[in-house]
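Q: Protein chains in written order, with numbering that gives the first Met the number 0: chain A, 0 to 338; chain B, 0 to 348.
The C-beta atom is built at its ideal place from N, Cα and C for all residues, glycine as well.
As the structure is a prediction and not an experimental result, all values here were calculated from the model.
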Amino acid sequence: MPEGEPALEVRNLCKEFPVHRGGLLRRQEGALRAVDDVSFSLARGEALGVVGESGCGKSTLARLLLGLEKPTAGQVIFGGRNLFELNTQQLRAARRRVQIVLQDPYTSLNPRMTIGEALNEAFEIHPGLCPKSQRRERVQELLEMVGLSGDFARRYPHQFSGGQRQRIGVARALAVKPEILVCDEPVSSLDVSAQAQILSLLRTLQRELNLTYVFIAHDLSVVRYVSDRIAVMYLGRIVEVGTKEELCSHPSHPYTQALFSAAPIPDPTLRGLRRRIVLQGDVPSPIDRPSGCRFRTRCWKAKDVCQELEPALQEVTGPFLQAACHFATPEAPRLAADR
Amino acid sequence: MKPVPAHLQAEEGQPPAHGAVLEVKDLFVEFRLRDKTVHAVNGVSWSLGRGETLAVLGESGSGKSVTAHAIMGTLSSARAKVTAGQVWFAGRDLLTLPERERRRVRGRKIGIIFQDSLSALNPVFTVSNQIGEMFRFHAGMPRRAAQRAAVGLMERVGIPDAKRRANAYPHEFSGGMRQRIMIAMALALEPDVLIADEPTTALDVTVQAQIMELLQSLQQEMGMGLVLITHDLGVVADMADRIIVMYAGRAVEESPVRELYRAPAHPYTVGLLRSVPRLDQAEDDLQPIGGAPPDMTVVAPGCPFSPRCSLAAEVCGRERPLLLAVAESRTSACHFSHSVLEGTADARG
Chain A
0 MPEGEPALEV RNLCKEFPVH RGGLLRRQEG ALRAVDDVSF SLARGEALGV VGESGCGKST
60 LARLLLGLEK PTAGQVIFGG RNLFELNTQQ LRAARRRVQI VLQDPYTSLN PRMTIGEALN
120 EAFEIHPGLC PKSQRRERVQ ELLEMVGLSG DFARRYPHQF SGGQRQRIGV ARALAVKPEI
180 LVCDEPVSSL DVSAQAQILS LLRTLQRELN LTYVFIAHDL SVVRYVSDRI AVMYLGRIVE
240 VGTKEELCSH PSHPYTQALF SAAPIPDPTL RGLRRRIVLQ GDVPSPIDRP SGCRFRTRCW
300 KAKDVCQELE PALQEVTGPF LQAACHFATP EAPRLAADR
Chain B
0 MKPVPAHLQA EEGQPPAHGA VLEVKDLFVE FRLRDKTVHA VNGVSWSLGR GETLAVLGES
60 GSGKSVTAHA IMGTLSSARA KVTAGQVWFA GRDLLTLPER ERRRVRGRKI GIIFQDSLSA
120 LNPVFTVSNQ IGEMFRFHAG MPRRAAQRAA VGLMERVGIP DAKRRANAYP HEFSGGMRQR
180 IMIAMALALE PDVLIADEPT TALDVTVQAQ IMELLQSLQQ EMGMGLVLIT HDLGVVADMA
240 DRIIVMYAGR AVEESPVREL YRAPAHPYTV GLLRSVPRLD QAEDDLQPIG GAPPDMTVVA
300 PGCPFSPRCS LAAEVCGRER PLLLAVAESR TSACHFSHSV LEGTADARG
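Laid out in structure tokens, this is it:
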């Protein structure tokens, strides 16, 4: 891992949403804890992949990192300061340094604005970035950086394919020269061929611009492609985290193991030969989370202790892999034929 | 062997001679918009054997879902029109049947499930009512018997506590459970064919595995043919016997599944296989197909994939390649299909 001050540090981040019942006399009935005590730190130029299924809190985490949501507790620190203690002016400056790429680039682009105008907006909000005289040139440069023609600046969003629109989404995020890029399911609405284009682009840009990534997705193979480290989330909490090499060669949390085993592999010769873990049931509602370990209702290893005691993240194979499970056991990912 | 274009192999207007349970022949579908026409399906032919799983693989806009709707007679918009082709089922061309008769086939003999189960289910009726409707409408079963049959079916597709959950509404179920309800409805009358249009795309990975397992075991139990419409090469590898790869409203390659993954015979298929990041392999850089899919409102001469194809030669822009035999039970629509298959041409997109 690179040395020096972390580019981004997240400490004990929690976010609760109140849950109301009833119409006229709305009473708060409890809380939905979308993000529960999440901590990690990222070195400059490092890419953290966050993988998890729907409802695991990964998008809420993204919104917290951008300061779009106030946490119930915890800190997001970059440049040595907590994002949530900044005044408006400082916050604006801080936000320039963290940008986001969203899932659906169509709904995130204004249909009445040309691509050039959309990119120019960034310079109007942060005028110090680029003098007026150079803006046109800079827009072209940005478009070319993401593999589009500079002439596209005059076109409107509907004139582009999904993959091209996502390139525009990336260009817009890069317009303000951020240090950190949060990507929230950036390829999950794209076709296979466009997905591969965007993944390659993101990987190239990271190397060239030394960007720090938080890359959020539900697809493990996509996350592995872009990340240096991977965190697996389940019902708001990180249940396993480690370097990509460690986590992908011996996943230790039962949930991570299940994710690997459920991942479809495009190889028909493996059919019926992989030892699959098919989890029972669905992810429980985050409103009434199971006691103790939150995964125990779907876990084949669950014992009494899992009901009583919530497991904390602990080292498994050494400093490069931690799992939150009473029975964490590293095993080879179930990706190949079982012999 | 002199190659024969796939669509000329059988005589025009004749039902299939061999054991196919469903056959699509030379299907064309258009969408007429105000100022232009989208050519969504341009001469697609395939047949499905009894008990077989046929994957129809393609990206958005390839015409794979439109084909399914044309078979079912559920093309939603008045602007959509089947302009040519036949759909043979049980000795009859479904496209020529009057709507009354077609409705009897739909649901009873051919079932369909969609990607988005929430919008496919009616929000104001209980799930057992909707499953039971299949028995009431098609089999004339009385209400109480239909209700009992619905609960039995819910148990069969693995909905826990089915009896108690029978009177719940669609929104009270999770995505995976709703997809099970859709499957229950589609299979209620033990159809000969099930068309599954992206059945697991909207689901979480761990739930996706459950649904695929369920579909496979029910298919084996009932011996029905399954048309699996998907964009996911992993799902195809897991489930299908044969695969049709679609591009721009046409079939560009057809093959038994194992053979296709071992040695694809169309540059587009080669590109797709190289575009998927694979957990079971060292992560080399992906080799994406360049460019974007073609504008379906323009009928251009030549191969529709040629603008994105690294093998494209002058002939490709001039002459559209036919879907021709390239090996035993394999066809490919490429002027260079033999060299692609043998790996002597580097078909990078």
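Does the beta carbon of Asn11(A) sit closer than 8 Å to a beta carbon anywhere in chain B?
A: It does not; no Cβ of chain B falls within 8 Å.
Q: So within the segment 138 to 190 of chain A, which uninterrupted alpha helix (DSSP H) runs reach at least 4 residues, ignoring any that extend past its ends?
A: Listed in chain order, the complete alpha helix (DSSP H) runs (minimum 4 residues) inside the segment 138 to 190 of chain A are 161 to 173.
Q: Could you run through the segment 47 to 74 of chain B and flag, in chain order, every residue whose CB is less than 7 Å away from some CB of chain A?
A: Listed in sequence order: Glu58, Ser59.
Q: What did DSSP end up calling Asn119(A) once you bin it into helix, strand or coil?
A: Looking at Asn119(A) - three-state DSSP - the assignment turns out to be helix.
Q: Output needed for Val244(B): all residues of its chain with C-beta closer than 6 Å, excluding positions within five of it in sequence on either side, in chain order.
A: Around Val244(B): Leu56, Val251, Glu252, Thr268.
Q: With a threshold of 6 Å on Cβ separation, who are the neighbours of Ser38(A) within its own chain once the five nearest residues in sequence on each side are excluded?
A: If we look at Ser38(A) and ignore the five residues flanking it on each side, its Cβ neighbours are Val9, Arg10, Asn11.
Q: How many angstroms separate the CA atom of Val18(A) from the CA atom of Gln306(A)?
A: Rounded to whole angstroms, Val18(A) to Gln306(A) spans 24 Å at the Cα level.
Q: Chain B beta carbons: is any one of them nearer than 8 Å to that of Ile286(A)?
A: No, because no Cβ of chain B sits closer than 8 Å to the Cβ of Ile286(A).
Q: Output needed in chain order: residues of the segment 245 to 270 of chain A with a Cβ under 9 Å from some Cβ in chain B.
A: Cβ contacts with chain B come from Cys247, Tyr254, Ala257, Leu258, Phe259, Ser260, Ala261, Ala262, Pro263, Ile264, Pro265, Asp266, Pro267, Thr268, Leu269, Arg270.
Q: How would you label Leu67(A), buried or exposed, when you count the other beta carbons within 10 angstroms and need 16 or more for buried?
A: When all chains shown are included, Leu67(A) counts as exposed.
Q: Could you name the residues of chain B that Arg236(A) contacts, counting a contact when the two beta carbons are closer than 9 Å?
A: Within chain B, no residue comes near Arg236(A); the closest Cβ sits about 17 Å away, beyond 9 Å.
Q: Rounded to whole angstroms, what is the Cα-Cα separation between Ser309(B) and Gln280(B)?
A: Approximately 25 Å, taken between the alpha carbons.
Q: How should Ala312(B) be labelled, buried or exposed, when 16 other C-beta atoms within 10 angstroms of its C-beta is the threshold for buried?
A: Ala312(B) should be labelled exposed.
Q: What number of angstroms, rounded off, separates the C-alpha of Ala77(B) from the C-alpha of Glu98(B)?
A: Roughly 15 Å separates the two Cα atoms.
Q: Return yes when at least one heavy atom of the ligand FAD lies under 7 Å from the C-beta of Ala291(B), else no.
A: Only the bare structure without any ligand can be found here, which leaves the ligand FAD out of the picture.
Q: Can you have a look at Asn119(A) and say buried or exposed, based on whether 16 or more other CB atoms are within 10 angstroms of its CB?
A: That one is buried.
Q: In chain order, what residues of the same chain lie with their CB nearer than 6 Å to the CB of Ala262(B), ignoring the 5 residues before and after it?
A: Only Leu340 meet the Cβ criterion.
Q: In chain order, what residues of the same chain lie with their CB nearer than 7 Å to the CB of Gly175(B), ignoring the 5 residues before and after it?
A: Contacts found: Leu202, Val206, Gln209, Ile210.
Q: Using a Cβ-Cβ cutoff of less than 7 Å, which residues in the same chain neighbour Leu85(A) once the five nearest sequence positions on both sides are dropped?
A: Ala93, listed in sequence order.
Q: Can you look up Asp25(B) in the DSSP assignment and give me helix, strand or coil?
A: Strand, per DSSP.
Q: Within 10 angstroms of the Cβ of Val297(B), are there 16 or more other Cβ atoms? Answer buried if so, exposed if not.
A: Exposed: under 16 other Cβ atoms inside 10 Å.
Q: Among Leu323(B), Ala69(B), Arg177(B), Phe88(B), whose alpha-carbon lies nearest the alpha-carbon of Gly224(B)?
A: Answer by Cα proximity: Phe88(B).
Q: At a Cβ cut of 8 Å, what residues of the segment 126 to 139 of chain A count as close to chain B, listed as they run along the chain?
A: Answer set for the segment 126 to 139 of chain A: empty.
Q: Have a look at Lys80(B) and Ala332(B) and give me their C-alpha separation to the nearest angstrom.
A: Computed Cα separation, rounded: 25 Å.
Q: Is the segment 195 to 205 of chain A touching the segment 161 to 171 of chain A, taking contact as three or more C-beta pairs under 8 Å?
A: Short answer: they touch.
Q: Given that His230(B) touches chain A, what residues does it touch there, using C-beta distances under 9 Å?
A: Those are Asp190, Val191, listed as they occur along chain A.
Q: Is it true that the CB of Thr82(B) sits closer than 8 Å to the CB of Val28(B)?
A: Taking 8 Å as the Cβ cut-off, Val28(B) and Thr82(B) qualify as a contacting pair.
Q: Any C-beta of chain A within less than 8 Å: which residues of the segment 174 to 199 of chain B qualify?
A: Those would be Gly174, Gly175, Met176, in chain order.
Q: How would you call Leu47(A), buried or exposed, if buried means at least 16 neighbouring beta carbons within 10 angstroms?
A: So Leu47(A) ends up on the buried side.
Q: Residues of chain B with CB closer than 7 Å to the CB of Glu52(A), please, in chain order.
A: Chain B residues near Glu52(A): Asp203, Val204, Thr205.
Q: Just checking: is the beta-carbon of Ala331(A) within a distance shorter than 8 Å of some beta-carbon in chain B?
A: Cβ-Cβ to chain B under 8 Å: no for Ala331(A).
Q: Using CA coordinates, which residue listed in Trp45(B), Leu32(B), Ser305(B), Val126(B) is at the minimum distance from Ile288(B)?
A: Taking only the C-alpha atoms, the option nearest Ile288(B) is Ser305(B).
Q: Suppose contacts are defined by Cβ-Cβ distances below 8 Å. Is Ala236(B) in contact with Val256(B) by that definition?
A: The answer is yes: Cβ separation under 8 Å.
Q: Under 8 Å Cβ to Cβ from Arg333(A), same chain only, skipping five residues before and after it: list those, please.
A: The answer, listed in chain order, is Gln256, Phe259, Ser260, Arg273, Arg274, Arg275, Ile276.
Q: At least one CB of chain A closer than 8 Å to the CB of Arg163(B): is that the case?
A: By this cut-off, Arg163(B) is not an interface position.
Q: Assuming Ala322(A) and Gln313(A) make a contact with CB atoms under 8 Å, what is their CB distance in whole Å?
A: Confirmed, about 7 Å.
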